[in-house]
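J.: Before we start, here is the structure in question, set down as structure tokens.
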Amino acid sequence: MFHYLAPSFLQEQDPEAFSVLTQELDRQETGLELIASENYASAAVMAAMGSVLTNKYAEGYPGKRYYGGCQYVDIGENLAKDRLRKLYNCGNDSETPYMANVQAHSGASANMGVYLAFLEPGDKILGLDLSHGGHLTHGSSVNFSGKLYEAHHYQVNQETEKLDYDAIHERAKSLRPKMIIGGASAYAYQWDFECLGAIAKDVGACLLVDMAHIAGLVAAGLHPSPIPHADFVTSTTHKTLRGPRGGVILAKMEHEKKINSVIFPGLQGGPLMHTILAKAAAFGEALRPEFKDYQAQTIKNAQALSTELSKDGLRLVSGGTENHLVLLDVGAKGLTGKEVEKALDSVHITVNKNTIPFETRSPFVTSGIRIGSPAVTTRGMKEPEMQQIASWINQACNHLESKEGKNREIDDALKAEISQSVNQLCEKFPIYK
Ligand code: PLP
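Heads up, the sequence shown is in numbering that gives the first Met the number 0, so the first residue is 0 and it goes up one at a time.
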């Protein structure tokens, strides 16, 4: 019945496209994925993605569609919504029910949905500065959020490199924004959402928490929840939450009609029903007890990485980590994020260059490297493997540091040595058994 799911079908019909698939699978299997926003979706989640639900148009919402034949996709969408609300303890039977929208195609679309539902063009918004860990959609001048609204930013404290809630409060009091945005792409410490909610309330703003990065930790109860403090909560579903690539919105019940009508028909056409079923499958996985163990290990692994990396003189932005990521200041060693990213790529360790707070270099060069533990933890790696990985990163950085000039690279002999060790480690931890 499901013969069409076999990758060999693509192989027979389109060897050119199939070779892209096999090469990417090989890259993922043989290399170490340390990009903090990436993870490996389960085979079950991918089965839902690569399914007949991609064939179905279902504009509208369950029970109120503009197309016939939606009886089964309706069940799938309701399943995703119910599980999402259960995951964050905000179903109808909870003290603070939130509505759920699982149709947003991505994290950026989810954020855009909230902005369009609640703000008018020109309204003031206040979010974390991009170079201090915020996201493009939190008011960056190159993004719709910075073009359509009057965007302002708070920053981390220069000394501690952590959020300073008193400073955010002062800023909010003088600015009086319509919306405060919490959440980040590169911040290694916990957020105090209760405090942010109180600040928003005090200045008459609403609070949007974009928990894209930490959604899995929140679901597992290992990071404070933005619910019931935030009016709106958005997330991607593919980072620590380990689902398909996509977005979701949770909002206080009074916003239900507005949010739903902004997502469809305001912003999107037909929902991606195959992705929505995959979201349901991923939320089902996240509701299982083993998901909590996974998230706990993800944090332990990030901490093991940060301890080992700092032992050899690499500077950790904000001094350590409380979540799934570590931000390294390689600039303190005279290196750039760009050259370290390239050097690590050449030994099959994938990271991304990242600006650090009070950055002096351009976003294309940067002084930082962001390292995340979600994907390697999904492979089953634990602290001993993190120590090993950190030692290779240290080795690579020390080697670059010992060389002269710009755009330094790792010598072939060392490159071969580390690559081989990386491949051997990866072989012991297959992604798809
Ligand atoms: N919000 C945050 C905090 C993110 O880190 C990201 C992506 O990295 C997004 C939103 C955007 O998500 P997407 O890439 O699905 O649009």
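All residues carry an ideal CB built from backbone N, CA and C; glycine is no exception.
(1) How about Asp209: is its Cβ closer than 6 Å to a heavy atom in the ligand PLP?
(2) Buried or exposed: where does Ala166 fall if 16 or more other Cβ atoms within 10 Å of its Cβ makes it buried?
(3) Taking DSSP as the reference, what is the three-state secondary structure of Glu149?
(4) Looking at the unbroken alpha helix (DSSP H) that takes in Gly336, where does it start and where does it end?
(5) Three-state secondary structure (DSSP) at Ser234?
(6) Tell me which residue opens and which closes the alpha helix (DSSP H) that Arg170 is part of.
(7) Can you name the start and end residues of the alpha helix (DSSP H) that Asn393 belongs to?
(8) Any heavy atom of the ligand PLP closer than 6 Å to the beta-carbon of His323?
(9) Is the beta carbon of Gly336 closer than 7 Å to that of Gly367?
(10) Once you ignore the five residues that flank Asp122 on each side, which residues in its own chain have a CB closer than 6 Å to its CB?
(11) Leaving out the 5 sequence neighbours to the left and right, which residues in its chain are closer than 6 Å to Gln386 when beta-carbon positions are compared?
(12) Assuming Leu52 and Gly75 form a contact by the criterion Cβ under 8 Å, report the distance between their Cβ atoms to the nearest whole angstrom.
(13) Within the present structure, is the beta-carbon of Ser184 separated from the nearest heavy atom of the ligand PLP by less than 6 Å?
(14) Can you check whether the CB of Val202 is closer than 7 Å to the CB of Ala250?
(15) Leaving aside the five residues before and after Arg360 along the sequence, list all residues of the same chain whose C-beta is less than 6 Å from its C-beta, in chain order.
(16) Would you say Ser130 touches the ligand PLP, meaning its beta carbon is less than 6 Å from a heavy atom?
(17) Is Ser361 near the ligand PLP, going by C-beta to nearest heavy atom under 6 Å?
(18) Report the rounded CA-to-CA distance for Val113 versus Pro61, giving the unit in angstroms.
(19) What did DSSP end up calling Cys205 once you bin it into helix, strand or coil?
(20) When you measure from the CB of Ala222 to every non-hydrogen atom of the ligand PLP, does any distance come out below 6 Å?
(21) Do you know offhand how far Glu160's Cα is from Ser317's?
(22) Apart from the five residues just before and just after Pro6, which ones in its own chain have a Cβ nearer than 6 Å to its Cβ?
(23) Which residues mark the beginning and the end of the alpha helix (DSSP H) in which Met272 is found?
(24) Could you please give the first and the last residue of the uninterrupted beta strand (DSSP E) stretch that includes Met98?
(25) Is Ala277 near the ligand PLP - that is, is its Cβ less than 6 Å away from at least one heavy atom of it?
(26) Under 7 Å between the Cβ atoms of Thr274 and Ile34?
(27) Sort Gly330, Ala331, Ala342 and Thr297 by Cα distance to Thr320 and report the nearest one.
(28) Look at Arg369 and Asn351 and say whether their C-beta atoms are less than 7 Å apart.
(29) Is the closest heavy atom of the ligand PLP to the C-beta of Ser105 under 6 Å?
(30) Beta-carbon separation of Lys80 and Met272 under 7 Å?
(31) For Thr236, count neighbouring C-beta atoms within 10 Å of its own C-beta (all shown protein chains included) and say buried if the count is 16 or more, exposed if not.
(32) Since I believe Ala43 is in contact with Ala280 (beta carbons under 8 Å), could you give me their beta-carbon distance rounded to a whole number of angstroms?
(33) In whole angstroms, what separates the C-alpha of Phe471 from that of Gly265?
(34) Mind checking who Met178 pairs with in its DSSP beta bridge?
(35) Once you ignore the five residues that flank Asn156 on each side, which residues in its own chain have a CB closer than 8 Å to its CB?
(36) Using the DSSP secondary-structure output, state which residues sit across from Lys352 in a beta bridge.
T.: According to the structure data:
(1) yes
(2) exposed
(3) strand
(4) Gly336 to Asp344
(5) strand
(6) Tyr164 to Leu174
(7) Boundaries of the alpha helix (DSSP H) around Asn393: Glu382 to Glu400.
(8) no
(9) yes
(10) Closer than 6 Å at Cβ, skipping near neighbours: Tyr148 and Lys177.
(11) Glu307
(12) 7 Å
(13) If you check the C-beta of Ser184 against the ligand PLP, you find a heavy atom less than 6 Å away.
(14) no
(15) Ser366
(16) no
(17) For Ser361, the CB stays at least 6 Å from every heavy atom of the ligand PLP.
(18) 21 Å
(19) strand
(20) It is His, not Ala, that sits at residue 222 in the sequence shown. Not under cutoff, so the answer is no.
(21) In a straight line, the C-alpha of Glu160 is about 5 Å away from that of Ser317.
(22) none
(23) Met272 to Ala285
(24) Tyr97 to Asn100
(25) no
(26) no
(27) For Thr320, the nearest C-alpha among the options comes from Thr297.
(28) yes
(29) Under cutoff, so the answer is yes.
(30) no
(31) buried
(32) Contact between Ala280 and Ala43 holds, with the beta-carbon distance rounding to 5 Å and staying under 8 Å.
(33) This structure does not reach residue 471, given that the chain is present from 0 up to 432, and the question cannot be answered.
(34) Ile124 and Cys205
(35) Leu162, Asp163 and Ala166
(36) Note: Lys352 sits in a beta bridge opposite Ile368.
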